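K.L.:
Before we start, here is the structure in question, set down as structure tokens.
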Amino acid sequence: MKALVALILLVQLPIHKAVAAAPPAPLGCDDPESDAAAEAAVNYINGHSHHGYKFALNRIEDIRVVPQGPNNDIIFLELDLLETKCPILSPTPLANCTVRSFAEHAVEGDCDVKMQKVDGTLSVLASKCHSHADSSEDILKVCPNCALLANLNNTEVLEMVSAALNDYNSKTTDSYLRLLEIGRAKIQYHPGHVVVAEFAVGATNCSAEDAKANAGACQLLPEDQSNFGFCIAVMVKRPSQDLQVDCQLYGHQVPAPDIPLLSRPGVTYIHPGQDTSAGLAPSAVGFTNHNLGLAHNNPVASESSSSEILRSMLSAKSVTKRAIAEAAQHDKVPRPVGFVPPPPPCPGKIRHFDI
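Using my numbering, read the sequence shown as starting at 411 and increasing by one per residue.
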């Protein structure tokens, strides 16, 4: 009898074995956790960008979470960004920076970011970005008379920036300013001929008055006294002639601990034999905007090889494509009349506009 009871219990054991816990539902691109990861990623990208302007999040294109262990996840993000009006050197918080409108010839950034979340703390392992201006054709369709972005090394732009900075230095009673880089420029031919340029500047160890004798001897202030700023200049060439220049200095800023001041964004210190008359990085010559062009690996984080992030991103994208294909097959199943399918988890909402 005891043997029979034991046999019955053994037969029933498989029925009562523990059922594995279901994996957590995948994150949607508009979930709060996704927003938090994207915000940390954008702050990191802006903090390690060296030229141009700060970028703001426009859309989370995709997110994938790969569990590594208890309270330890690897997160892959695909982000669409838009250029703001805040220079990369500006101390203005990103939340207070205005995104350039479509008619102002917007610039879009595309970023792949690999992050790690351990015990609720997010850190960036690696990132890869590039940016591009919207096509002139798209701008002219909605605004035929809008000025278009000009090449940063356009001769007319360079001459105008030189004239504008000379004009400012000739009138100021403060420090002599030196050009760091041209941020963007636009030329309009109708109904008038107008050149508009924005450029970063740095205060030197000379007063504007002293610089009149020998401007070439004036050097940017040392790192513990540095004072950077930004200028906007408008030159009207036709039908009348006029030049307006407005410069704002930000005052000395203490850099973040992980960003040495000498390598801070927008600051190029002159080396012997280096031509800095245009204030342009070699990557900007012949282009209308500074390419975000960020490929960065966190040297203190694990799993931060650039080749791995690309392999991982490609893997994530292939998984996403399979999921889309499976969803398409699933949608072929007959649905009740009036059935409204739920929105796809990705891509997320557009926060500003699509270009």
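Virtual Cβ for every residue (Gly too), placed ideally from N, Cα, C.
All values reported here derive from a predicted model rather than from experimental measurement.
1) Using the beta-carbon count (16 or more within 10 Å), is residue 760 buried or exposed?
2) Check for me: the beta strand (DSSP E) holding residue 519 runs from which residue to which?
3) By the DSSP assignment, the beta strand (DSSP E) with residue 587 in it spans what residues?
4) So for residue 457, helix, strand or coil by DSSP?
5) Take every Cβ of the segment 586-597, pair it with every Cβ of the segment 609-628, and state whether three or more of those distances are shorter than 8 Å.
6) Put residue 642 into one of helix, strand or coil per three-state DSSP.
7) In whole angstroms, what separates the C-alpha of residue 512 from that of residue 498?
8) Who are the near neighbours of residue 509 in its chain, counting only those whose CB is closer than 7 Å to its CB and skipping five residues on each side?
9) Give a yes or no on contact between the segment 572-585 and the segment 641-649, applying the rule of three or more CB pairs nearer than 8 Å.
10) Check this for me: beta carbons of residue 781 and residue 757, under 7 Å apart or not?
11) Here's a check: name, in chain order, each residue in its chain whose Cβ is nearer than 7 Å to the Cβ of residue 481, leaving out the five neighbours to either side.
12) Look at the alpha carbon of residue 764 and the alpha carbon of residue 484, and state the distance between them as a whole number of angstroms.
13) So, helix, strand or coil for residue 509, using DSSP?
14) Roughly how far, in whole angstroms, is the beta-carbon of residue 515 from the beta-carbon of residue 559, given that I think they are within contact range, below 8 Å?
15) Output the distance between the C-alpha atoms of residue 599 and residue 476, rounded to the nearest integer angstrom.
16) Do you know how far the Cα of residue 698 is from the Cα of residue 455?
17) Could you please give me the residues that DSSP links to residue 469 through a beta bridge?
18) Exposed or buried, which one is residue 664 when buried takes at least 16 other CB atoms within 10 Å?
19) Would you report the Cα separation of residue 631 and residue 562, rounded to the nearest angstrom?
20) Do you know offhand how far residue 682's Cα is from residue 566's?
21) Across which residues does DSSP place residue 658 in a beta bridge pair?
22) Return the residue from the list 460, 522, 661 that minimises the CA-CA distance to residue 633.
P.N.:
Let's see:
1) exposed
2) 517-528
3) From DSSP, the beta strand (DSSP E) with residue 587 extends over 585-598.
4) helix
5) yes
6) strand
7) 20 Å
8) 466, 492, 494, 762
9) yes
10) The first residue shown for the chain is 411 and the last is 765, placing residue 781 beyond what the model contains.
11) 528, 529
12) 29 Å
13) The DSSP-derived three-state label of residue 509 is strand.
14) 5 Å
15) 53 Å
16) In this model, residue 455 and residue 698 are separated by some 21 Å (Cα to Cα).
17) 490
18) exposed
19) 26 Å
20) Residue confidence is low: residue 682 scores 33 on pLDDT, short of 50, so the model does not pin down where it sits. No coordinate-derived value is stated.
21) 640
22) 661
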